[in-house]
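What follows is a short report on a single structure.
2 protein chains.
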Amino acid sequence: MALLSMEEICRDIFRENQHRIKIKKEAVAVRNLVNIFHTTLKISNERGFQTMSLRDLSRVSGLSMGALYSYFSSKDELLEMIQNQGRRITLKVLARCVDPGDTPLIQLRGAIRAHLYLTEVMQPWFYFSYMEAKNLSREQRKKAIENELVTEEIFMRILEEGAQKGELEVDNPPLTAAVIKAMLQDWYLKRWKYSRREVSVQAYADFVIGFVESVVRKNSSN
Amino acid sequence: MALLSMEEICRDIFRENQHRIKIKKEAVAVRNLVNIFHTTLKISNERGFQTMSLRDLSRVSGLSMGALYSYFSSKDELLEMIQNQGRRITLKVLARCVDPGDTPLIQLRGAIRAHLYLTEVMQPWFYFSYMEAKNLSREQRKKAIENELVTEEIFMRILEEGAQKGELEVDNPPLTAAVIKAMLQDWYLKRWKYSRREVSVQAYADFVIGFVESVVRKNSSN
DNA sequence: GTCTATAGTGCGATAGAC
DNA sequence: GTCTATCGCACTATAGAC
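So the protein sequences, as listed, match chains A and B. Start counting the first sequence at 1; every next residue gets the next number (this note's numbering). Start counting the second sequence at 223; every next residue gets the next number (this note's numbering).
Take a look at the structure:
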């Protein structure tokens, strides 16, 4: 999880976008990118990306308009950079956390926990990606939709494998995967609700796992 | 469900907002309100409410800027009118569809179906309310949050009553209600996904009911 | 590499003719 | 009741000083 610090992510973003970022010193660029993304997520998640003017971003981040424009060439490009990075991290982390050698039940638990912990650590990023998806270009929006479906397929494949092996009882893997995804997304979309009720990510993970398992498990043994 | 036609809703809106709507002839006002709300939901659900300019709304609806401003006094007021109405309808329909005389299991099924059918018929409205909530004023946003919680409480009370009567087995009513709500919201938030997969609202309702019941029912009898 | 100043655009909102 | 014309403003984006 240390992998997921804002700074490491911003270093990735810097290296992948070096061609369009005017600043050449990595240390400077990364420091400012951390600031820019952090501030953008903060303002946008309160009032929306479109509502946030670059003057707002400039004022809150302490960077001038001119400085901001050395990191992106338009407000839309800033949106794209954030979205791209969020997508990549999801797929990378989720794929890594599912071990095909494990039993389907263990894989299912691992995937649920990985999804929740990832979105817990990166909550502002995921909330932003979800809420601002419709502001993307057609091409970018297509990628966002694909991403949603790929994540869901990870769950669907685990369920199907479990059903084939006779270890799980799933009568509708696609819909089961869909509602699991819905429960997982609720964690980062309604954070205010869960933190108000003092539900920890561990408690939520345990609950969702228990809930799902009482549907898909054939018996009560471990 | 015929109650929920766009026209009837707009007539309600007209009557409730007669003090601020300049147009006095009901027939004219209702016709234009239907147009305005329909067009606003259409554009906003594709590109966001902030992104939609009133010039866009004017062009697509065929009404001039001047005409639009006889129905609301600011863009924010338009947003509020839509949100208010969506909220009221939810509470009205949901409260009406739960009969306290029924057994908890029947109430649970009824509430799930009512929620899904309501959001099916009014999908653009619900999607809009969800996605644009953060553009609201502090006071309006508070109402939106309350609404979310009230809907959830309807489910929580059914579950608690079921547990008390020994008819259902629910070890965590608040979290169970929360994930039920998450599954129900997925239906209107990810419509594109379900319609692409040709899942009907009946099929989804049956699935969610089956899913939830296999967690909360004590045995397999009806 | 960062700043200030400003060009140019498109917005929300309104006044007044019809 | 609806329109066109227009005001004033805030925005994105850039040019050029430092």
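Positions of the beta carbon are idealized from the N, C-alpha and C atoms, including for glycine. All figures in this text were calculated on a predicted structure; none of them were measured in a lab.
- Here DSSP, grouped into helix, strand and coil, assigns A:Arg20 to coil.
- Here B:Leu358 carries a coil assignment [DSSP, helix/strand/coil].
- Contact of B:Asp278 with chain A is not assigned, every C-beta pair being separated by 8 Å or more.
- Boundaries of the alpha helix (DSSP H) around A:Met183: Pro173 to Leu189.
- For the 8 Å CB-CB criterion, B:Ala425 and B:Arg335 do not form a contact.
- Selection A:Gln123, A:Ser70, A:Val60 and A:Leu94 evaluated against A:Glu153 yields A:Leu94 as nearest (Cα-Cα).
- In this structure, B:Phe271 lies away from B:Asn369, with their beta-carbon atoms at least 8 Å apart.
- With contact defined as three or more Cβ pairs closer than 8 Å, the region 288-295 of chain B and the region 338-355 of chain B are not in contact.
- In the DSSP assignment, B:Ser280 falls within the unbroken alpha helix (DSSP H) covering Leu276 to Ser283.
- At a beta-carbon threshold of 7 Å, the residues of chain B lying near A:Phe207 are Asn394 and Leu397, ordered along the chain.
- DSSP places A:Arg197 in the coil class of the three-state scheme, outside both helix and strand.
- Rounded to the nearest whole angstrom, the CA to CA distance from B:Arg379 to B:Gly432 is 19 Å.
- Look at B:Glu268: its C-beta is under 8 Å from a C-beta on chain A.
- Any Cβ of chain B closer than 8 Å to the Cβ of A:Met183 would place that residue at the interface, and such an atom is present.
- A direct Cα-Cα distance of roughly 7 Å separates B:Met274 from B:Ile265.
- At a beta-carbon threshold of 7 Å, the residues of chain A lying near B:Phe433 are Val179 and Val215, ordered along the chain.
- Each of B:Glu420, B:Glu382 and B:Trp409 was checked against the Cα of B:Arg439, and the nearest Cα belongs to B:Glu382.
- In this structure, A:Ala182 lies away from A:Phe155, with their beta-carbon atoms at least 8 Å apart.
- Listed along chain B, no residue sits closer than 8 Å to A:Gln164 by beta-carbon distance, the nearest being about 20 Å off.
- In terms of beta-carbon proximity, B:Arg318 stays away from the interface with chain A, with every pair separated by 8 Å or more.
- When A:Leu105, A:Lys143 and A:Ala177 are compared, the shortest CA-CA separation from A:Gly166 is found for A:Leu105.
- A Cβ-Cβ separation of about 7 Å places B:Thr262 in contact with B:Ile304 under the 8 Å criterion.
- For A:Gly166, there is no enclosing alpha helix (DSSP H), since its DSSP letter is neither H nor E.
- For the region 55-86 of chain A, the set of residues with a beta-carbon nearer than 8 Å to any beta-carbon of chain B is empty.
- A direct Cα-to-Cα measurement between A:Trp187 and B:Arg363 gives close to 20 Å.
- A straight line joining the alpha-carbon of A:Ser58 with that of A:Gln18 spans about 22 Å.
- When C-alpha distances from B:Tyr352 are compared across B:Ile235, B:Glu248 and B:Lys412, the shortest belongs to B:Lys412.
- Going by C-alpha positions, A:Val215 is about 9 Å away from B:Glu435.
- Taking C-beta atoms under 8 Å as the contact rule, A:Asn35 and A:Leu63 qualify, at a distance of about 7 Å.
- Within its own chain, the residues whose Cβ lies closer than 8 Å to the Cβ of B:Leu338, once the five positions on either side in sequence are excluded, are Leu406, Trp409, Val423, Tyr426, Ala427 and Val430, listed in chain order.
- Shown here for B:Ala385: same chain residues with a beta carbon closer than 6 Å to its own, the five before and five after excluded, namely Val392 in chain order.
- Excluding its 5 nearest sequence neighbours in each direction, A:Ala29 has C-beta neighbours in its own chain below 7 Å: Phe14, Ile21 and Ile23, listed in chain order.
- DSSP assignment within the region 262-321 of chain B yields the following whole alpha helix (DSSP H) runs of 4 residues or more, N-terminal first: 276-283, 287-290 and 297-319.
- Only residues of its own chain outside the window of five on either side were considered, and among them Met65, Leu68 and Lys75 have a CB closer than 7 Å to the CB of A:Leu54, listed in chain order.
- Think of a sphere of 8 Å around the beta carbon of A:Met156: no beta carbon from chain B falls inside it, the nearest being about 12 Å out.
- The C-alpha of A:Met6 lies about 56 Å from the C-alpha of B:Glu248.
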